[in-house]
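As you go down the protein sequences, you meet chains A and B in turn.
Just so you know, we're using our numbering here: the first sequence kicks off at 89 and counts up by one.
Just so you know, we're using our numbering here: the second sequence kicks off at 1136 and counts up by one.
Every residue gets a Cβ at the ideal spot worked out from N, C-alpha and C, and that includes glycine.
Note that this is a predicted model, so its numbers are computed, not measured.
One structure below.
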Amino acid sequence: MKMKSLLLSLGLLAGASAVQAEDPLKVGFVYVGPVGDLGWSYEHDLGRIGLEEHFGDKVETTYVENVPEGADAERVITQLAKAGNDLIFTTSFGFMNPTVKVAKRFPKVTFEHATGYKRSRNVGTYVLRTYEGRYVSGVAAGMMTKTNTIGYIASFPIPEVIRDINTVYMAAKKVNPDVKIKIVWVNSWYDPGKETDAANALMDQGVDILIQHTDSPAPQIAAEKRGMRSIGQASNMSKFAPEAHMFSVRDNWTPYYVSVAEAVMNNTWKPSDYWGGFKEDMLTIESINPNLPADVKAKIEETYAVIKSGELKPFTGPIKDNKGNTVVPEGHSLTDEELAQVNWYVEGITDEIPR
Amino acid sequence: MDADLITQILFAAIKTGTPLLFIALGEVICEKSGILNLGQEGMMLMGAVLGFLAAYTTGSMGLGVLAAMIMGSFMSLIFAVLVLQLGANQVATGLALTIFGTGLSAFVGSGVVGQTIQGFTPIAIPLLSDIPYLGEILFKHDILVYLSFAITIALYFVVNKTRVGLTLKAVGENPNAANAIGIKVLQVRYLAIMFGGAMAGISGAYMSLVYTPMWVENMTAGRGWIALALVVFASWRIGRIMLGAYLFGLASIMHLVLQGLGWSISPNLLAMLPYMATVIVMVIISADHFKEKLLAPRSLGKPFDPRNMA
């Protein structure tokens, strides 16, 4: 894969851009981590493979992994567009501006950016309702913590992460009024060494349940080593921590990738902001550890079911932020647009969002 | 912050500093012989991947460490042949070695990405680990940490108290004079470079077998570069390297610890600390030109060709 990214960067693949009508739909993917992260990028790649399996010869996919967010991303996306891809998925928040910029120069190419909020004529966005999974995580963590302290390994202070921290805390507090949350920012999506350091720093300070918003299984391993508990992120991480792992909230991108490719093939694609969660099976709860107490297991299933059915919407008012302002009025549930702009901590989180 | 927390932080600082200690000890020996090897990161990554592969396939951690050491010295041998035999530029060759090692390790390790192994288990040393605080901090580690203690002490002794140490320094200070009195300069440098490679290999193994017992691309995350700065920071002295490694280790976890405690200092600012410290030390050292010359091995980075000797 290194080779491919090298060739791309040299523009050597750019020659193959002549697209004929009967040619397969060429789909490119840009990943922020290595496919082998066994987390975020791994699941996107499973989505890509699912797309190939669904359409067979009708699609042709390529991917570039380990793309840093920033100037390099723009170069990689440009090269993918030049190489004749008809549809390009850019799968990390930091690819937002590069995607929009490149899309302007390639009006005939369709772009889909994950987790962002900037759209244009040929750029759509898609995002997971990860907070639904976090709600289940918060409930389980709140029930299981003995020290009443949950640790959250956070990546970057963007709305998605802040929203998920809030959800974990609100859910945990529902089942355990004394619960506290400790948040550590590692400023990376994927850095096993730093994630381990963060996990240990949190456990040193009395945390006994680790929730991660980073992509490597390192925090799971750290929790296992010290006999604490953890919840898997993005992918099924149970094998890394047979004892510690409570369950994983897995991302499932295949249904969306198939539907977008189909729309592009049929010329029915329009830019939109797509949100998928439990209901669409784009988020799933996997490998609930048999060593959990029966009531916790039951509560996990129950919470999953009420969110899936739409009965429970985590961001339903009244909700106050930790400065005392009402951010969600009584009777209102945040719309998708509002969810994408959450930049406050809920009441009770004694911390400040780093700026 | 209570005493227990401080103990745990210092314990973690030693763990974080250990890979830096290994690799910096290797590099300082190499530099003392007059050779600057910037290929640390590449050698470390190759050591990490080979160590993991060996431990994963055989199930033996010892073999993993051994494989990492052999791989590290093999990588450094490539460097040695290029700079000693062929007189290639040390800086350029070292950089090439880093780039080569980064790519090759990703390629070699692609099959085992995401696999895990058990890793070394910590051993509490009887009696010593019962010392209040100090025992908790120093003597409840895994065997590689103890190995790093032993190597530091051994190197301190060898460099400062033995003929071998004198020979090494002679070669690094003035290779022409050393050659004139019959020291085989190139041979000494070969050995020093390969020792550095082996240490980089162990350092890599520490990352992939102990620190995060798994292999992922580029997992050393720039530690090889920090080690290079550390050697300058320690002004080429063994004892200071140990101290510096733990200081750097502490600095690199401190921003995570403080966040958990609810300090509202920008984590980005804190993450910068180890690098800031290096820059400051570099400035202090280079401010006094005479002192700088006194501290660094005088022939550092300069090629030596015995065939040019009159």
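- Here B/A1183 is actually not in contact with B/A1362; their C-beta atoms are around 14 Å apart, not less than 8 Å.
- Taking the beta carbon of B/V1248 as reference, the chain A residues within 7 Å of it are P122 and G124, listed in sequence order.
- DSSP places A/Y362 within a strand segment (E or B) once states are collapsed to three.
- By the Cβ test, the region 204 to 212 of chain A is not in contact with the region 229 to 246 of chain A, since fewer than three Cβ pairs between them sit closer than 8 Å.
- Below the 7 Å Cβ cutoff, chain B contributes L1391, Q1394 and G1395 as neighbours of A/V272, in chain order.
- Less than 8 Å separates the beta-carbon of B/T1355 from that of B/L1180.
- With fewer than 16 other beta carbons inside 10 angstroms of its own, A/E141 counts as exposed.
- Interface flag for B/P1348 against chain A is set, since a Cβ pair is found closer than 8 Å.
- For B/D1137, no beta strand (DSSP E) run applies, since DSSP gives it neither H nor E.
- If you draw a straight line from the Cα of A/T150 to the Cα of B/L1391, it is about 37 Å long.
- The Cβ of B/A1223 sits no closer than 8 Å to any Cβ of chain A.
- Per the Cβ contact rule, the region 1335 to 1352 of chain B is in contact with the region 1274 to 1288 of chain B (3 or more Cβ pairs under 8 Å).
- Within the region 137 to 216 of chain A, the runs of beta strand (DSSP E) at least 3 residues long that lie entirely inside it are, in chain order, 147 to 152, 175 to 178, 198 to 202 and 211 to 216.
- If you compare the alpha carbons of A/R222, A/D285 and A/N340 with that of A/I309, the shortest gap goes to A/D285.
- Interface annotation, A/N275: in contact with chain B, CB-CB separation under 8 Å.
- Under a 10 Å Cβ-count criterion, B/L1262 is classified as exposed, with fewer than 16 other Cβ atoms of the shown protein chains found around its own Cβ.
- A Cβ of chain A is located within less than 8 Å of the beta carbon of B/I1144.
- Here B/W1360 carries a helix assignment [DSSP, helix/strand/coil].
- Here A/G281 has A306 as same chain residues with Cβ atoms under 8 Å from its own Cβ, once five neighbours each way along the sequence are excluded.
- A check of alpha carbon separations from B/T1347 across B/I1316, B/R1375 and B/T1251 identifies B/T1251 as the nearest.
- If the five residues before and after A/I437 are omitted, its C-beta is found closer than 8 Å to the C-beta atoms of I253, N254, Y257, I269, I271 and N410, all from its own chain and listed in chain order.
- With at least 16 other beta carbons inside 10 angstroms of its own, A/W277 counts as buried.
- Counting the other CB atoms within 10 Å of its CB gives B/W1398 a total below 16, which places it among the exposed residues.
- Three or more pairs of CB atoms, one per stretch, sit closer than 8 Å, so the region 1243 to 1260 of chain B contacts the region 1184 to 1197 of chain B.
- Shown here, B/G1436 sits in coil according to DSSP, grouped into three states, outside any helix or strand.
- Among the residues of chain B, those whose CB is under 9 Å from the CB of A/D292 are D1139, L1140, Q1143, I1144, F1146, A1147, V1392 and G1395, following chain order.
- Scanning the region 235 to 278 of chain A from its first residue to its last, the whole alpha helix (DSSP H) runs of 4-plus residues come out as 247 to 263.
- Take the alpha-carbon of B/W1350 and the one of B/M1334: they are about 19 Å apart.
- For B/T1151, the nearest beta carbon of chain A is closer than 8 Å to its own beta carbon.
- Closest in alpha carbon position to A/G204, among A/E425, A/I441 and A/R317, is A/E425.
- If you draw a straight line from the Cα of B/E1162 to the Cα of A/V118, it is about 38 Å long.
- In the three-state scheme derived from DSSP, where H, G and I count as helix and E and B as strand, B/I1252 is classed as coil.
- Per the coordinates, the alpha-carbon of A/P156 lies some 21 Å from the alpha-carbon of B/L1230.
- Chain-ordered, the chain A residues with CB closer than 8 Å to the CB of B/E1352 read P122, G124 and N154.
- By the neighbour-count criterion, in which 16 or more other beta carbons inside 10 Å mark a residue as buried, A/V123 falls on the buried side.
- Between A/S336 and A/E312, the C-beta gap is not smaller than 8 Å, which leaves the two residues out of contact.
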